[in-house]
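If you're matching them up, the sequences are chains A and C in order. Here our numbering is used: the first residue of the first sequence is 5, the next is one more, and so on. Here our numbering is used: the first residue of the second sequence is 135, the next is one more, and so on. Idealized CB from N, CA, C, for every residue including glycine.
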Amino acid sequence: MSEKKEMKELVKELTKTQEEIRELIKAEIEWEPVGPTPMPGITDLRSWDMRLLKTYKPWYAPFCDLCCLCTYGKCDLTQDRRGACGIDIATQQARIVLLACLMGCSAHAAHAGHILEYLIDRHGPDKKIDMGTFIEVEAPNIRTVTGLKPETLADLKHAIEYVYKEIAHLLDSTHMGQEGSALDYESKALHASMLDHVGMEVADIAQIVGFNFPTSVADTPLVEMGWGSIDKSKPVILVVGHNPATSTVVVDYLRENNLEDKVEVCGICCTAIETTRYSDKAKVIGPLSRQLFFVRTGIADVIMTDEQCINTNMPEEASNVGSALIATLDKVMYGLEDASEMDTDEIIKRMTEKKEHFAILEPAKAAEVAAKVAMKLAPQRKKELLSEEEAKKLAEKCTDCGMCERVCPNLFSIGDGITEMAKGNFELMKGLFNLCIGCGKCEHECPQGVPIFRLMQAAASWETWKVRAGRGAVMDTEIRKVGAPITLGTIPGIIALVGCSNYPDIEDVAEMVDEFARRKYIVVLTGCAAMVAGMTKDKDGRTVYEKYPPDFDAGGVVNIGSCVSNAHISGAAIKIANIFASLPLRANYEVIADYVLNRVGACGVAWGAMSQKAASIGTGFNRLGVPVVLGPHSSKYRRLYLSRKEEDDWTVMDARKRELVDTGEPSPEHIAYVAETKEKAMIMIPKLCIRKNDTPQGRGIKLNHYISLYKKYTGGGLPEDLHLYIRRAADIPLVYRKEVMPYLEKIGWKPKEPVGLPTFIGTYPSKVPIDSVIH
Amino acid sequence: MATVPYHRVNVLTGIKGAAILEKPEQFTKIISKAERPLLVLGPRLLEWSLDGRSVLEHALDIAKTANIPICATAHLKGKLTELEVTPDSVYDAVEIVNVLRDPDWKGVKGEGNHDLVIFFGIRSDLQNQCLSVLKHFAYKHLKTMTLDKYYFPNADFSLTNVTKDKSWKAFLEGLKSSLQTKA
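Encoded structure:
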């Protein structure tokens, strides 16, 4: 047998056969016919990716000119040089992007796998998946990608094991000397990120079912947010991270021991959201940007970390302020002694007397220890916040050298605030604190050793806010109601504000929510974005959660939940295709993504995107056909997907007429885009909700918002590209007709026929027949 | 030691860094040699002022003196309109870079792609990333320059970090004079 044949045999052995896949997805149960791509491998959706990448070409901004991943390097990749392995700069960027997406995907998938095992241990593998009265399409991502309709926790395990397998294959491709095409790396990044949405969905369905989180309900409780909401006279347990396996057990322990009103449980980042889905007595401190500041106040008696987005220096930070630390998950051990098997009293003794920190991977034990240690430490807590007088004195050390600005990821000059503080003026610092993303680099670099975070204690607001507890999946009943207006355009769009807290300005998010909810878009939020949206009040003292209804409907503001709840946003787009348009989901990703891209006016906004998870969440939305607007710093992700509206080919197939139509209409114009300013984002977001499927009435509504937001945030007349989106005079919003018509005449605009059933299917080589998009 | 950019996020990880020019005449010489220069103006110009005069006005002086077409990014167009200046094109930062990297692009005047692009007033991390795109993917057909008061390693030609506004103002005014002389 030749070497090549041997290799083929080996690959065959290692790869699941179609029969095995059909068995895994229980193909014999005919809830829907099995579509063309059950549990797709790396290349199964490649043709769809290449079609997307033909219009939305990768834009690479190398963050580094070198490759330093192997000992051939460092290799200089400037000016068309190739690395010793042969890689060029574009392919290297795509490779790094794939790695980032894999990190994000694996973070969520490992979270899902962990929580699933924990809940299977607790409830058994046959625990039924019941998402409540109003949700029958319980797992749109899993159904669409894998072809599996999960009925039990054990079924979810099949889905996550599929994700694990694909991660291994994808990661393999990043080894030196393998993939040599930037576009193929992009296809792999899109694949990894689609899998991320499967992993997130597994995690959140398991959490909803296993922890009895809210589901099939919109009006979830409004919970307290802000450190001012903490009753400091009580013992305080702070949970940080994303995985609620331990924080929910802490709540259980307090409930069982009648301590729920005697001990404060609060959270930072997504664990905060998860914990408030479990207990409305839990409090949200805030997004990740508030982590270091709050930890350094020393208000927390016990800090419990789980996984993802936690300060990696937490043991030292905790020790500095006398807080006790428990690491609860294997991904974040900090070099601590694993006390999972240690006697509980012994742990408590060592934590309270010797001030030791431990890893405790057994949730019930960790919860008991946390509660008991917090109760012991709280009376001894001697953590005074800095007074204004003390802050002023410390601020006098600042020489305004500018080093803090030079290292700030967001380029803020905190030195101005400190020098003003030294003069007794705290106002500037208050504003800067609100902008601060909380990384702590300024303090670390300060040559005078000014304790900047402590200074902030004197400037920070102790205001409290309300945030709506995460509600999980969008209900099928809601989709039924809004499916038609969304696809026709009369609800102008779904705006999803997601991701981390690396904001140019924290208040931008609340402003975006307010602007679009007021204009009757549907606004959904997750993660840190969901928290910061609630950290601004209007003149009547209301947050956006109090001002707008919590329904997935025009003008609604919906906190979907944590990072893993992002799967419910992609899931909602998928459900529109299924519930409203009756397209089958089962293993039918290409058709569904094509539908979403061409007909569902949705736009993601990751204004503070920072992490690798944000990279995979966003890229997953891109593969599904949802454009994403990123904050200006996000060019550091290295890659965007941009079109060139005037020159690119905007031909689609009209599926009804079976004709190719050159629409000349760049809708959506980009699918991964960096907006330079909030003002620009405010203009781009409504534009990216335009779809070729819009009716004249719907298009008129969308253009009304586009023009009006353009005038509000830019000024200077009409949008330069307005003519590209006007098909016929009926598309022109009445209120602007007098202004728009002369402009169109001036530039020689000609009307064109709208496309009846726009689709990419039929415009590129695909196994999917055009009939499959007709519903 | 090589010059370290003012904002550390822009520290060069590589070999090919910008040439630092100090005198306005050096900038003028390069601008004058260019056949189709383009000035890309960003929204930071709305925030900066030197002795009470907006830096945007300095930028417009330079554009007018050297007859360089303008691309306005972000939401700058509104202010330009107020000042009765019509930009030759409106793109966001990443979009103008996206077209500039194509040697066959016709440019903002439809006369062919530009051979010199001068960036001024875009948030510095984004500006340096945009310059990175052109450094890697457009180096054969265009050169890049910056007029901001910071060193941008991914440009071809950059000022060094100018710590005193007085010096920066003198540079911008000197550049205008120098361009006038050349004209």
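Asked: Glutamine 97(A) burial status per 10 Å Cβ neighbour count (16 or more: buried); Found: buried
Asked: Same chain, Cβ closer than 6 Å to leucine 214(C), neighbours up to 5 away in sequence not counted; Found: Ala206 and Pro221
Asked: Whether leucine 805(A) touches glutamine 461(A) by CB criterion (7 Å); Found: The question about residue 805(A) has no answer, for chain A in this structure spans 5 to 779.
Asked: For leucine 365(A), the three-state DSSP class (helix, strand or coil); Found: coil
Asked: Test: arginine 3(A) CB closer than 7 Å to a CB of chain C; Found: The displayed coordinates of chain A run from 5 to 779. Any statement about residue 3(A) would go beyond what the structure contains.
Asked: Short CB-CB distance (under 7 Å) between lysine 684(A) and chain C; Found: yes
Asked: Spatial neighbours of valine 167(A) in its chain, beta-carbon cut-off 6 Å, leaving aside the 5 residues before and after; Found: Ala113, Leu199, Val202 and Gly203
Asked: Nonlocal neighbours in the same chain, by C-beta distance under 6 Å from threonine 252(A), ignoring five residues either side; Found: Phe215 and Tyr282
Asked: Endpoints, beta strand (DSSP E) assigned at arginine 643(A); Found: 643-646
Asked: Ranges of the alpha helix (DSSP H) found wholly within the segment 356-425 of chain A, counting only runs of at least 4; Found: 367-381, 392-399 and 407-411
Asked: CB-CB length for threonine 857(A) against isoleucine 596(A), believed under 8 Å; Found: Only positions 5 to 779 of chain A appear in this structure, which leaves residue 857(A) out of reach.
Asked: Proximity test, Cβ basis, 7 Å: threonine 147(C) and chain D; Found: Absent from the structure is chain D; the protein chains it does hold are A and C.
Asked: Residues within the segment 254-266 of chain C neighbouring chain A, beta-carbon criterion of under 8 Å; Found: Ile256, Arg257, Ser258, Asp259, Leu260, Gln263, Cys264 and Ser266
Asked: Separation of glycine 474(A) from valine 143(C), as counted between CA atoms; Found: 35 Å
Asked: Option nearest glutamate 23(A) by Cα separation, candidates Tyr717(A), Lys153(A), Met43(A) and Ser505(A); Found: Met43(A)
Asked: Below-7 Å beta-carbon distance, histidine 270(C) vs any chain A residue; Found: yes
Asked: Cα-Cα separation between alanine 676(A) and valine 254(A), rounded to whole angstroms; Found: 40 Å
Asked: Local conformation of valine 595(A) per DSSP, three classes; Found: helix
Asked: Amino acids of chain C, ordered along the chain, whose beta-carbon sits closer than 7 Å to that of serine 417(A); Found: Correct list: empty, because the minimum Cβ distance to chain C is about 11 Å.
Asked: Cross-chain neighbours of glycine 176(C) in chain A, by beta carbon under 8 Å; Found: Glu680
Asked: 3-residue-minimum beta strand (DSSP E) runs that sit fully inside the segment 315-353 of chain A, ordered along the chain; Found: 328-331
Asked: Selection of the segment 441-455 of chain A by Cβ proximity to chain C, strictly under 8 Å; Found: none
Asked: Extent of the continuous alpha helix (DSSP H) to which phenylalanine 253(C) belongs; Found: That residue, phenylalanine 253(C), is in no alpha helix (DSSP H); its beta strand (DSSP E) goes 250-254.
Asked: Within chain A, partners of glycine 212(C) - CB distance below 7 Å; Found: Thr718, Gly719 and Gly720
Asked: Interface positions of the segment 272-304 of chain C facing chain A (Cβ-Cβ less than 7 Å), listed along the chain; Found: Tyr273
Asked: Outcome for aspartate 235(A) when other beta-carbon atoms lying within 10 angstroms are tallied against a minimum of 16; Found: exposed
Asked: Buried or exposed (CB count within 10 angstroms, at least 16 for buried), valine 221(A); Found: exposed
Asked: Those runs of the alpha helix (DSSP H) which lie wholly inside the segment 165-230 of chain C and span at least 4 residues; Found: 189-200 and 210-216
Asked: Serine 106(C) versus aspartate 290(C): straight-line alpha-carbon distance, rounded; Found: With chain C represented from 135 up to 317, any question about residue 106(C) goes unanswered, as that position is not in the structure.
Asked: Span of the beta strand (DSSP E), counted from its first residue to its last, around alanine 606(A); Found: 606-610
Asked: Residue interval of the alpha helix (DSSP H) (run including methionine 144(A)); Found: In the sequence on display, residue 144(A) carries proline and not methionine. Looking at the DSSP string, the run of the alpha helix (DSSP H) that includes proline 144(A) is 144-150.
Asked: 7 Å Cβ cut-off: residues of chain C touching phenylalanine 623(A); Found: Sequence check: residue 623(A) is threonine here, not phenylalanine. What threonine 623(A) touches in chain C: nothing, since even the nearest Cβ is about 17 Å away.
Asked: Cβ of lysine 150(C) within 7 Å of any chain A Cβ; Found: yes
Asked: Same chain, Cβ closer than 6 Å to lysine 579(A), five either side skipped, listed in chain order; Found: Val141, Pro144 and Ile483
Asked: Valine 777(A) versus alanine 591(A): straight-line alpha-carbon distance, rounded; Found: 14 Å
Asked: Chain A contact for aspartate 222(C) (CB, 7 Å cutoff); Found: no
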